[in-house]
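Engineer: The structure under discussion is supplied below as structure tokens; questions concerning it will follow.
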Amino acid sequence: MTTVRLPLFPLNSVLFPGLVLPLNVFEERYRAMMRDLLKASPDDPSEPDTEPSTSDEPRQFVVVAIRDGHEVAPTSSGMPDEVTTKEAGTGPAAGFGDDPITSFHAVGCIADAATIRERADGSYEVLATGTRRVKLHSVDASGPYLTVEVEELPEEDGEEAGALAEGVLRAFRSYQKRLAGARERSLTTGAELPDEPSVVSYLVAAAAVLDVPTKQHLLEAEDVASRLREELTLLRAETAIIRHLPSLPATELTRQSTSLN
């Protein structure tokens, strides 16, 4: 078993490989993480709040969904470490209990921060992309932010992944149409959906309006075919529900919150 230790960024949502993750980073523990990622970057900007820092070298951290759906630690952007820890109760493991790993789901996703922009107030705008699924083994809270030892999970297609992907795409298009309403006003972009089974499985898992436990279950699927089978069942069920709720505006069904840390 090969493991690696990386910074940990807990969220109230699930990140899937291949999906883009915008972050608004204002808590001190995560700002410290971004500062360290920038130090390891060959093009670290000398002045904040200018051009965003981009890098061809991986700037990786692990994104994991929080089990209870919300972080209980208060946030105190801009406060010094000693004041934050003493008065606001924050710190690397604040809000996650004495054994932080129990607050997180067991499977997360490595994110690569392609763009990091520091604002004048010390907060950061980050644009990252999910890359690979990982299993969490241990969490270390001895530094300014949490780090985690992870093992990369294999990505296997499983049986009939190609045929299942075709069925999921058909079901997803029907699901989209139901969400958009009879006039399909939001489906006029002409964008083509992918046909590679693993990409389909992650795109649909991210795009469907599902709660965090359900999305987490899809992330943890043992192979692509298993994930696609689950999605086919979910999409058919959700489409049937939407069909019988004509009075509920599509905008209410598609509205999703943004997780900020």
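Position one of the sequence shown corresponds to residue 548 (this note's numbering), numbered consecutively onward. Glycine residues also receive a C-beta, built at the ideal position from the N, C-alpha and C atoms.
Name the two residues that bound the continuous alpha helix (DSSP H) containing Ser745.
Structural biologist: Per DSSP, Ser745 belongs to the alpha helix (DSSP H) from 744-754.
Engineer: DSSP on His764, reduced to helix/strand/coil?
Structural biologist: In the structure shown, His764 sits in a helix (DSSP, three-state: H, G or I).
Engineer: Between the alpha carbons of Glu575 and Ala718, how many angstroms are there, rounded?
Structural biologist: Each residue's Cα considered, the two are about 43 Å apart.
Engineer: Cα separation between Pro701 and Tyr671?
Structural biologist: Near 32 Å, if we compare the C-alpha coordinates of Tyr671 and Pro701.
Engineer: Can you tell me whether DSSP reads Thr549 as helix, strand or coil?
Structural biologist: Note: Thr549 maps to coil in three-state DSSP.
Engineer: According to DSSP, is Tyr671 helix, strand or coil?
Structural biologist: Note: Tyr671 maps to strand in three-state DSSP.
Engineer: Where does Phe556 land, buried or exposed, given buried means 16+ other C-beta within 10 angstroms?
Structural biologist: Answer is buried; the Cβ neighbour count reaches 16.
Engineer: I need the boundaries of the beta strand (DSSP E) containing Arg664, first residue and last residue.
Structural biologist: Run containing Arg664: 654-665, per the beta strand (DSSP E) assignment.
Engineer: Hey, is the stretch 686-696 in contact with the stretch 746-757, meaning 3+ C-beta pairs nearer than 8 Å?
Structural biologist: Touching, no.
Engineer: Tyr675: which of Pro564, Thr549, Ile788 sits nearest, CA to CA?
Structural biologist: Checking the sequence shown, residue 675 turns out to be Ala, not Tyr. Looking at the Cα atoms, Pro564 is the closest of the given residues.
Engineer: What did DSSP end up calling Leu566 once you bin it into helix, strand or coil?
Structural biologist: Of the three classes helix, strand and coil, the one that applies to Leu566 here is coil, per DSSP.
Engineer: Our contact map puts Pro561 next to Leu766 with C-beta atoms below 8 Å; I'd like the distance itself, whole angstroms only.
Structural biologist: Inspection of the sequence shows that residue 561 is occupied by Val rather than by Pro. Val561 to Leu766, Cβ: 6 Å. Contact.
Engineer: Tell me which same chain residues have a C-beta within less than 7 Å of the C-beta of Ala688, skipping the five on either side of it?
Structural biologist: Taken in chain order, the residues that qualify are Pro639, Ala640, Pro647.
Engineer: Report buried or exposed for Glu665, applying the criterion of at least 16 other Cβ atoms within 10 angstroms of its Cβ.
Structural biologist: So Glu665 counts as buried.
Engineer: Just checking my contact of Leu570 with Val673 at CB under 8 Å: how many whole Å lie between their CB atoms?
Structural biologist: Right, the Cβ-Cβ distance comes to about 4 Å (below 8 Å), so this counts as a contact.
Engineer: Beta-carbon within less than 7 Å of Ala753's beta-carbon, same chain only, minus the 5 sequence neighbours each way: which residues are those?
Structural biologist: Counting only Cβ-Cβ distances below 7 Å, and skipping sequence neighbours, we find Phe563, Leu566.
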